[in-house]
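Inspection log for the structure reproduced underneath, given as structure tokens.
Protein chains in written order, with my numbering: chain A, 15 to 262; chain B, 215 to 683.
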């Protein structure tokens with residue numbers, strides 16, 4: 015009995031020794047901080063966990079800018095260049111000279127994709143934010159939970175925010191029946207120019223072929239540095255074998 | 215492999231929606247079509263315009279083409295852009311709307327097969343085909359209802375979200391070893407057809423030990439899909455041989471029949487049920503009673519289980535509170551019972567999570583045939599100890615490690631059990647090690663739990679295996 019009281023005491027002390035909530039303004043501030051990021055450069059390593067228990071690893075360099083521009087130069091497992099710009103998506107296998115190309119079909123969101131969809135696709139004006147209360151995200155840590163619902167569709171985003179560090183810990187996307195369709199966990203935050211950037215993102219998504227599970231690690235992160243616009247250009251040359259893809 | 219990797223990486227980078235379709239393009243005289251496929255014959259529309267085209271011609275042609283597509287069932291088709299060139303030629307850019315993703319929820323298995331049956335990914339969306347496929351899928355997979363929402367993804371392609379309500383025709387088997395009764399195999403059957411859910415279950419220890427237990431139940435619900443208030447009826451029969459706490463050698467026979475009728479409501483993971491219920495008992499070789507109604511009153515059950523809604527096992531929360539209150543005609547006094555079960559999984563760190571679990575029981579009844587064995591399957595830390603208590607609180611905490619992603623877990627843990635066996639309040643501290651194999655259809659659990667104040671060897675190794683077919 016004594017042990018259980020000690021356990022309860024520790025539990026309560028830890029729970030009350032930190033602010034238990036972040037208000038809506040804090041939440042908006044977090045989102046605005048992310049929206050203030052205009053560019054990002056980093057090294058990237060991606061782990062893809064396959065159904066058979068094996069893991070595929072991709073690594074390279076990552077560049078992103080506002081308007082949804084992305085460039086990834088993969089080194090491993092083979093040299094690949096991926097460019098997403100206002101023309102479309104270019105996925106080029108350098109050694110095989112094989113290009114998969116998809117024309118852009120929709121307007122970009124304006125937010126930087128480097129933050130892995132932390133930011134709602136809609137602008138702040140088009141979303142409804144509801145404080146869903148406090149939940150534990152580890153044994154002694156609480157998170158303030160907000161739901162973000164787009165006025166354009168019924169999909170709901172649930173964000174777990176650390177009330178002390180004011181960082182997003184988790185993101186869930188639910189369908190209109192409440193089933194989780196996607197779950198992302200943001201860890202290993204790095205403070206860069208006053209903005210906390212997650213350097214590890216774990217993603218699990220429910221798809222028609224099962225649960226997709228990946229971990230993406232970012233290192234050597236630099237934000238708001240100048241990135242040449244040419245980096246996001248991709249020129250199709252005659253020696254490339256081009257295949258069209260509709261991806262968007 | 216490329217397509218899979220492409221999809222996964224694209225999911226990470228840009229959007230959860232995906233489509234891989236080789237694009238076709240065609241041209242015809244004055245009118246050039248971009249991103250169109252030959253799925254709908256437009257030759258008559260295109261060939262009828264042999265002169266230089268005006269803006270009104272273009273509008274008319276677009277309307278005719280759109281109408282043609284929609285007539286054929288391609289109702290998501292539209293002409294995205296029409297460009298009237300200076301030379302009088304026209305470039306028409308189509309969006310034929312390809313189905314990029316089919317997400318199925320509401321069913322426990324066969325998700326891939328059901329998704330493939332509803333529509334083929336990569337094909338042009340066709341409402342007529344979808345409706346036919348839904349009818350076929352319902353028949354083929356014994357599904358009562360499929361609600362499909364059709365949405366455009368980021369690239370204006372089609373994402374189908376199908377929520378299925380199954381006609382369940384399911385057999386479940388389970389086997390576990392109880393510290394009291396020995397090995398108990400159990401079989402359950404559920405059928406859901408036309409708005410009715412019925413089920414039956416049977417388990418028995420087949421008199422392996424001095425104490426034995428056989429149990430059977432049947433139930434019947436009207437339509438219990440989320441949002442519906444439904445009617446429920448059930449009956450449980452038990453035939454047990456149990457012992458009294460004061461004299462472990464005295465074995466008595468206890469047969470009981472419990473009937474319930476009431477209403478239930480569920481809103482997804484949360485359920486509430488209210489029953490009027492009664493229990494008739496027959497006792498042999500029991501010191502103070504022979505037969506009668508040990509309970510007549512009401513029962514309120516509150517359930518919460520989000521396991522079907524969560525992607526990860528370490529996010530699962532489940533709990534049940536079962537409260538009964540009424541009259542005990544055998545003891546001729548009021549009777550109340552509370553049963554509480556819960557499981558909270560809280561992620562700690564990558565691969566680790568904290569699992570808080572427990573089981574509690576309380577009855578105000580004095581007769582021991584209404585009490586529980588302290589060291590039963592909910593607190594199996596002692597072998598050959600048949601203590602009986604009118605209340606017991608078991609709280610457990612496990613630190614779980616995900617040994618194989620989303621499948622195998624190791625859970626070393628600790629349990630505290632409080633109870634009043636032999637009319638004394640007792641605390642028992644137990645340590646445990648558990649291995650859990652958990653998939654969509656099969657669950658296997660191996661555990662060893664022992665009282666830390668006794669010898670390690672005096673603990674109990676418990677196993678359970680269950681599968682759904």
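Backbone N, C-alpha and C define an ideal beta-carbon position, used for all residues, glycine too.
What is the residue span of the alpha helix (DSSP H) that residue i lies within?
i                      : result
residue 621 of chain B : Premise fails: residue 621 of chain B is in no alpha helix (DSSP H) and is neither H nor E.
residue 330 of chain B : 325-332
residue 276 of chain B : 269-285
residue 514 of chain B : Careful: residue 514 of chain B lies outside any alpha helix (DSSP H), inside the beta strand (DSSP E) at 505-519.
residue 258 of chain B : 257-261
residue 343 of chain B : 341-354
CA-CA distance, residue i and residue j?
i                      : j                      : result
residue 569 of chain B : residue 610 of chain B : 8 angstroms
residue 297 of chain B : residue 255 of chain B : 21 angstroms
residue 410 of chain B : residue 442 of chain B : 12 angstroms
residue 383 of chain B : residue 574 of chain B : 33 angstroms
residue 326 of chain B : residue 224 of chain A : 8 angstroms
residue 249 of chain B : residue 333 of chain B : 21 angstroms
residue 40 of chain A  : residue 187 of chain A : 21 angstroms
residue 630 of chain B : residue 562 of chain B : 22 angstroms
residue 218 of chain A : residue 197 of chain A : 5 angstroms
residue 235 of chain B : residue 565 of chain B : Unreliable placement is indicated for residue 235 of chain B, whose pLDDT of 25 sits below 50; the coordinate value is still reported in the next sentence. Taking the straight line joining both Cα atoms gives about 37 angstroms.
residue 505 of chain B : residue 551 of chain B : 20 angstroms
residue 531 of chain B : residue 249 of chain A : 52 angstroms
residue 671 of chain B : residue 200 of chain A : 44 angstroms
residue 627 of chain B : residue 355 of chain B : 41 angstroms
residue 616 of chain B : residue 398 of chain B : 29 angstroms
residue 500 of chain B : residue 489 of chain B : 29 angstroms
residue 586 of chain B : residue 427 of chain B : 13 angstroms
Can you tell me where the beta strand (DSSP E) with residue i in it begins and where it stops?
i                      : result
residue 495 of chain B : 484-498
residue 112 of chain A : 112-117
residue 424 of chain B : Here residue 424 of chain B belongs to no beta strand (DSSP E), and DSSP marks it neither H nor E.
residue 635 of chain B : It is not in any beta strand (DSSP E) - residue 635 of chain B carries neither H nor E in the DSSP assignment.
For chain B, check one thing: does any of its Cβ atoms lie closer than 8 angstroms to the Cβ of residue i?
i                      : result
residue 156 of chain A : no
residue 197 of chain A : yes
residue 102 of chain A : no
residue 218 of chain A : yes
residue 189 of chain A : yes
residue 152 of chain A : yes
residue 194 of chain A : yes
residue 67 of chain A  : yes
residue 235 of chain A : no
residue 225 of chain A : yes
Pick out whichever of the options has its Cα sitting closest to the Cα of residue i.
i                      : options                       : result
residue 446 of chain B : B:426, B:485 and B:453        : B:485
residue 3 of chain A   : A:69, A:84 and A:73           : Chain A is shown from 15 up to 262; residue 3 of chain A falls before or after that span and cannot be answered.
residue 523 of chain B : A:252, A:198 and A:194        : A:194
residue 234 of chain A : A:69, A:50 and A:59           : A:59
residue 654 of chain B : B:279, B:525, B:482 and B:431 : B:525
residue 451 of chain B : B:360, B:540, B:253 and B:429 : B:429
residue 220 of chain A : B:607, B:258 and B:319        : B:319
residue 677 of chain B : B:390, B:349 and B:342        : B:390
residue 549 of chain B : B:516, B:517, B:511 and B:599 : B:511
Using the beta-carbon count (16 or more within 10 Å), is residue i buried or exposed?
i                      : result
residue 113 of chain A : buried
residue 242 of chain A : exposed
residue 178 of chain A : exposed
residue 304 of chain B : buried
residue 509 of chain B : buried
residue 579 of chain B : buried
residue 302 of chain B : exposed
residue 648 of chain B : buried
residue 89 of chain A  : exposed
residue 189 of chain A : buried
residue 4 of chain A   : Nothing about residue 4 of chain A can be reported from this structure: the residues present for chain A run from 15 to 262 only.
residue 559 of chain B : buried
residue 212 of chain A : buried
Can you check whether the C-beta of residue i is within less than 8 angstroms of a C-beta belonging to chain A?
i                      : result
residue 684 of chain B : What the structure shows of chain B is the stretch from 215 to 683, and residue 684 of chain B is not part of that stretch, so it cannot be assessed.
residue 377 of chain B : yes
residue 615 of chain B : no
residue 561 of chain B : yes
residue 523 of chain B : yes
residue 620 of chain B : yes
residue 317 of chain B : yes
residue 665 of chain B : no
residue 526 of chain B : yes
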